[in-house]
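Just so we're aligned, residue 189 is where the sequence shown starts under our numbering, counting upward by one. In what follows, a structure is listed as C-alpha cells, so that the remarks can point back to it.
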Amino acid sequence: MIERLENELAPLKQELLLHPLYAQIQTEEDLKYFTEAHVFAVWDFMSLVKKLQLELTSLRLPWRPVHSATTARLINEIVWGEESDVNQDGIPMSHFEMYLEAMRDVNGDTQTIETFIGNLPQAGSVLPYIENSTLPDYVKNFLTFTFHTIEKRPLHEIAAVFTFGREDLIPDMFIEMLQKMNVQGNDSLSNMVYYFERHIEVDGDQHGPMALEMITNLCGDDTAKWEAVVRCSKEALTHRIHLWTGIYNSLTVVI
C-alpha cells in the first residue's frame, strides 16, 4: 500500500517540486516575503504533531498503557525533535522558534504570526478565528484545511496529512529551494540554511521513515482506511500547491 500511495501521489509531488515559486526566491527580500507566509505552515504543523501525540500516547492522568507502544515511541521521538531540537548554537528550541530566529535575520515580520498565536481562543474550535482573521486567503485556506483535519477527521486521516502532506514532502522541497538560492558567504542566511538543512537531515533520515511506519500501524489491513489515506494525502498536497501559488503570485506583485 505504501508503494501504491507513493505512485498515486507522485504527480502532485512532482508539481510541487517544479513549482515556479522556487525560482522566484532569489534574494533576501524574496526570502523575507516567502517566510512571512510560510511561517504559518511551520506553526500549524506543530498542531498536527501534538494532535497525534495526544491520541497515540498517554498524556492524561491517571496514566494507562497505550494501544501500541511502537506507534507511541514513533510520535514521541518526532515530537522530541520538532519541539525541543537545538539550533546551530546548541540552544534547545522548537523548529518553529528556529524559523522565527531565521526570519529575523532577513528582517522578516514575525509580529503577525506572534500576534495571531497570542490571540488564539483558549478553548473550542480555532476555525472561526482563522476565518475572521486578516490573513491572506491562501494562508487562511491552508490553515483551515489543517485544523479541519485536526478537529473533524479520524486519526489515520490526520496521520496521512502529517505524513504525506508534510513530513514525507519537506526534505525534497527544501533541497529544491536551497539549490535555487545563492547562500554562499551570506551570514544573514546562516540560521535559515541551518533550519532547512536540519529538516533535510531529520525528516529525510528519521522522521519520514518513522511516519510511514506509523501510518502502516494505524491502517493495518483495513482497505477503507488506506483509501482514506490516499484521498487525504492528495488533498494535503493540493492545498500545499495552492499555498505555494498564493505566495508566488504575491511575490510577483511585490517585485
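Ideal placement from N, C-alpha and C gives every residue a C-beta, glycine not left out.
- Query: In three-state terms, what does DSSP make of P280?
  - Reply: Residue 280 sits at position 92 when you count from the first residue of the sequence shown. Strand at P280.
- Task: Return the chain-ordered list of same chain residues with a C-beta closer than 7 angstroms to the C-beta of E289, the five sequence neighbours on each side being excluded.
- Result: Along the sequence shown, one-based indexing puts residue 289 at 101. For E289, where only same-chain residues beyond five positions count, the Cβ hits under 7 angstroms are N275 and N379.
- For I346 versus F335, is the C-beta spacing smaller than 8 angstroms? By one-based count along the sequence shown, residue 346 stands at place 158. By one-based count along the sequence shown, residue 335 stands at place 147. No.
- Query: Between L431 and Y326, is the Cβ-Cβ spacing less than 8 angstroms?
  - Reply: Here residue 431 corresponds to residue number 243 of the sequence shown, with the count starting at 1. Here residue 326 corresponds to residue number 138 of the sequence shown, with the count starting at 1. It is a contact, given that the beta carbons lie within the stated cut-off.
- Query: Comparing alpha-carbon positions, which option in M365, T259 and P324 lies nearest C407?
  - Reply: As a first step, residue 407 is located in the sequence shown; it is residue number 219 there, counting from the start. The residue with the shortest Cα to Cα distance from C407 is T259.
- Nearest-angstrom beta carbon gap, H283 and E270 [assumed within contact, 8 angstroms]: Start at 1 with the first residue of the sequence shown, and residue 270 comes out as number 82. Start at 1 with the first residue of the sequence shown, and residue 283 comes out as number 95. In this structure E270 is in contact with H283, their Cβ atoms being roughly 5 angstroms apart against a cut-off of 8 angstroms.
- Enumerate, from N- to C-terminal direction, the unbroken alpha helix (DSSP H) stretches of 4 or more residues contained entirely within the stretch 389–442. DSSP runs (the alpha helix (DSSP H)) wholly in the stretch 389–442: 396–407 and 411–442.
- Query: Which ranges does the alpha helix (DSSP H) cover as unbroken runs of at least 4 residues, wholly within the stretch 276–338, from first to last along the chain?
  - Reply: 283–293, 299–306 and 315–319
- For Q212 versus T404, is the C-beta distance shorter than 8 angstroms? The residue given as residue 212 occupies position 24 in the sequence shown. The residue given as residue 404 occupies position 216 in the sequence shown. No, Cβ-Cβ distance for Q212 and T404 is not below 8 angstroms.
- By how many angstroms is the C-alpha of L377 removed from the C-alpha of G296? Here the question's residue 296 lines up with position 108 in the sequence shown. Here the question's residue 377 lines up with position 189 in the sequence shown. Cα to Cα, G296 sits roughly 12 angstroms from L377.
- Quick one: does Y436 have its CB under 8 angstroms from some CB of chain C? Judged by its chain identifiers, the structure shown contains no chain C, having just a single protein chain.
- Of the residues S313, P324 and S321, which one's Cα is nearest the Cα of T337? Here residue 337 is taken as the residue at index 149 of the sequence shown, counted from 1. When each option's Cα is compared against that of T337, the closest is S313.
- Query: Looking at L197 and T426, is the spacing between their C-beta atoms short of 8 angstroms?
  - Reply: Your numbering for residue 426 matches position 238 in the sequence shown. Your numbering for residue 197 matches position 9 in the sequence shown. No. Outside cutoff.
- Task: Using alpha carbons as the reference points, say which of E423, W414, E385 and H387 lies closest to H344.
- Result: Residue numbering aside, residue 344 sits at position 156 when the sequence shown is read from its first letter. Among E423, W414, E385 and H387, the Cα nearest to that of H344 belongs to W414.
- Message: With H, G and I counted as helix, E and B as strand and the rest as coil, what does DSSP make of V254?
- Response: The residue given as residue 254 occupies position 66 in the sequence shown. V254 falls in the coil class under three-state DSSP.
- What is the C-beta distance between P324 and A225, in whole angstroms, given that I count them as a contact (C-beta under 8 angstroms)? Within the sequence shown, numbered from 1, the residue matching residue 324 stands at position 136. Within the sequence shown, numbered from 1, the residue matching residue 225 stands at position 37. So it is a contact: roughly 7 angstroms between Cβ atoms.
- Message: I need the straight-line Cα distance from E203 to Y383, nearest angstrom please.
- Response: By one-based count along the sequence shown, residue 203 stands at place 15. By one-based count along the sequence shown, residue 383 stands at place 195. Cα-Cα distance, rounded: 24 angstroms.
- Can you give me the Cβ contacts of G434 inside the same chain, cut-off strictly under 6 angstroms, excluding the 5 residues immediately before and after it? Mapped onto the sequence shown, residue 434 falls at position 246. If we look at G434 and ignore the five residues flanking it on each side, its Cβ neighbours are Y326.
- Item | Residue burial classification, R428 (beta-carbon count within 10 angstroms, cutoff 16) | Here residue 428 refers to the residue found at position 240 when the sequence shown is read from its first residue. Result: buried.
- Message: How far does the alpha helix (DSSP H) with L193 in it extend, from its first residue to its last?
- Response: Working through the sequence shown from its first residue, we reach residue 193 at position 5. Element bounds for L193: I190 to L205.
- List the whole-angstrom C-beta distance separating S421 from G353, where the pair is believed to meet the contact cut-off of C-beta under 8 angstroms. Counted from its first residue, the sequence shown places residue 421 at position 233. Counted from its first residue, the sequence shown places residue 353 at position 165. A Cβ-Cβ separation of about 6 angstroms places S421 in contact with G353 under the 8 angstroms criterion.
- Task: Would you list the residues sitting across from D273 in a DSSP beta bridge?
- Result: The count along the sequence shown starts at 1 and reaches residue 273 at position 85. DSSP output for D273 lists M281 as bridge partner(s).
- Whose C-alpha, out of A348, K340, F333 and M281, is nearest the C-alpha of R386? Position 198 of the sequence shown holds residue 386. Of A348, K340, F333 and M281, the residue nearest in Cα terms is M281.
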